[in-house]
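I have placed the structure first, in the form of structure tokens, so that the comments after it can refer back to it.
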Amino acid sequence: MRGSMEFWQNRWVTDQIGWHRSEVNEMLDKHWSRLGLPSDAEVLVPLCGKSLDMVWLAQQGHAVVGLELVQHAVESFFRERAMEPKKEASGKHVRYSSSPYTIVQGDLFELEKQTVQADAWYDRAAMIALPNALRADYVKQLRQQTKPGAVGLLITYAYPQHEMDGPPFALHDEDVRRFFAEGFALEQLDHVELEDERDRGLSSITLSVFKITRT
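For the sequence shown, position 147 (counting from the first letter as 1) is numbered 1543 according to the numbering used here, and the numbering increases by one without interruption.
The structure is reproduced here in structure tokens:
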């Protein structure tokens, strides 16, 4: 992903994947129903890794389409489900499919327009994995890979960036509003001070949740 393939590949191969969680994200469970989606909606999950959140989304009846840079992560997801996905080349990408999951492996910034046309999207660890310089292009890709009216759930973390090197990178509420200012409607669903995270040496860290609708 724009020069970082080696970095992320190494993190996965050496099992340095501190962002991966062994349980479903509590904010997903708490707020997903606020999106008002039908159970058969197709949900896009950018930079999905092998997240168990995809399993939770599938359990709600959704078809899940992940986007992931690293082949090792994609293969791990299907192997841990004891699934043997169909593989097919798709331009610069490889599409892995085993219902209800499809994961497109490759650089999300090189996806052709409308490779995916999802009804909704979910981002817990994608936008915060990107430095500020790539975030506008990320939002552009979200728009290109979703249908008009698509609704998303975005989970962010904010802290004084100078106190910790990313990723994850801080993403403040005002920056979310700036990046999604054109062509989207935003509603903030949650904002929480995370006291337990201060052991990282941070003076403060907050979590925010947004419902974002493509207009």
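The beta carbon of each residue, even a glycine, is placed where N, CA and C say it ideally should be.
Asked	Found
State the CB to CB distance for the pair Leu1463 and Val1490, rounded to an integer number of angstroms; the pair is presumed to be in contact (CB under 8 Å).	Contact doesn't hold; Cβ gap of about 12 Å is too wide.
State the DSSP-derived secondary structure class of Met1397, mapped to helix, strand or coil.	With a pLDDT of only 47 at Met1397, under the threshold of 50, the placement of this residue in the model should not be trusted; the figure read from the coordinates follows. Reduced to three states, the DSSP call for Met1397 is coil.
Going along the chain, which unbroken runs of the alpha helix (DSSP H) with 4 or more residues stay wholly within the region 1453-1497?	1467-1476
Taking Lys1446 as part of the alpha helix (DSSP H), name the residues at either end of that continuous run.	Careful: Lys1446 lies outside any alpha helix (DSSP H) and carries neither H nor E.
At a cut of 8 Å, does the region 1527-1540 reach the region 1469-1481 through at least three beta carbon pairs?	no
Going by beta-carbon coordinates alone, are Val1420 and Glu1438 separated by less than 9 Å?	no
Measuring only the C-alpha atoms, how far is Glu1471 from Pro1563?	23 Å
Quick check on this structure: which residue in Val1451, Gly1432, Pro1434 and Ser1435 has the alpha carbon closest to the alpha carbon of Val1441?	Val1451
Could you tell me the boundaries of the alpha helix (DSSP H) in which His1587 lies?	Unbroken run through His1587 is the beta strand (DSSP E), Phe1580 to Glu1589; no alpha helix (DSSP H).
Tell me the DSSP secondary structure of Ser1435 in three-state form.	coil
Looking only at its chain, what residues have a beta carbon closer than 6 Å to the beta carbon of Leu1433, apart from the 5 residues adjacent to it on each side?	Ala1516
Count the other CB atoms within 10 Å of the CB of Ser1495; is the residue buried (16 or more) or exposed (fewer)?	exposed
If you draw a straight line from the C-alpha of Ser1435 to the C-alpha of Gly1457, how long is it?	5 Å
So, helix, strand or coil for Ala1546, using DSSP?	strand
To which residues of the same chain is Lys1509 closer than 6 Å at the C-beta, ignoring the five residues directly before and after it?	Gln1540
Relative to the C-alpha of Arg1596, which candidate in Val1572, Gly1579 and Glu1559 has its C-alpha closest?	Glu1559
Which same chain residues end up closer than 6 Å to Val1605 when comparing Cβ atoms and leaving out the 5 residues on each side of it in sequence?	Met1423, His1427, Ile1551, Leu1585 and Asp1586
Quick one, are the C-beta atoms of Thr1611 and Phe1580 less than 9 Å apart?	yes
Look at Pro1607 and Leu1453 and say whether their C-beta atoms are less than 9 Å apart.	Reading off the sequence, residue 1607 comes out as Lys, not Pro. The answer is no: Cβ separation not under 9 Å.
Can you pull the DSSP bridge partners for Val1535?	In the DSSP output, where bridge partners are listed per residue, Val1535 has none listed.
Quick one, which of Ser1429, Asp1425, Ser1418 and Leu1443 has its alpha-carbon nearest Leu1526's?	Leu1443
Closest to Gly1545 by C-alpha separation, out of Gly1445, Thr1609, Ser1447 and Lys1446, would be which residue?	Thr1609
Considering Leu1603, what are the terminal residues of the alpha helix (DSSP H) in which it resides?	Segment Thr1602 to Arg1610 is the beta strand (DSSP E) holding Leu1603; no alpha helix (DSSP H) there.
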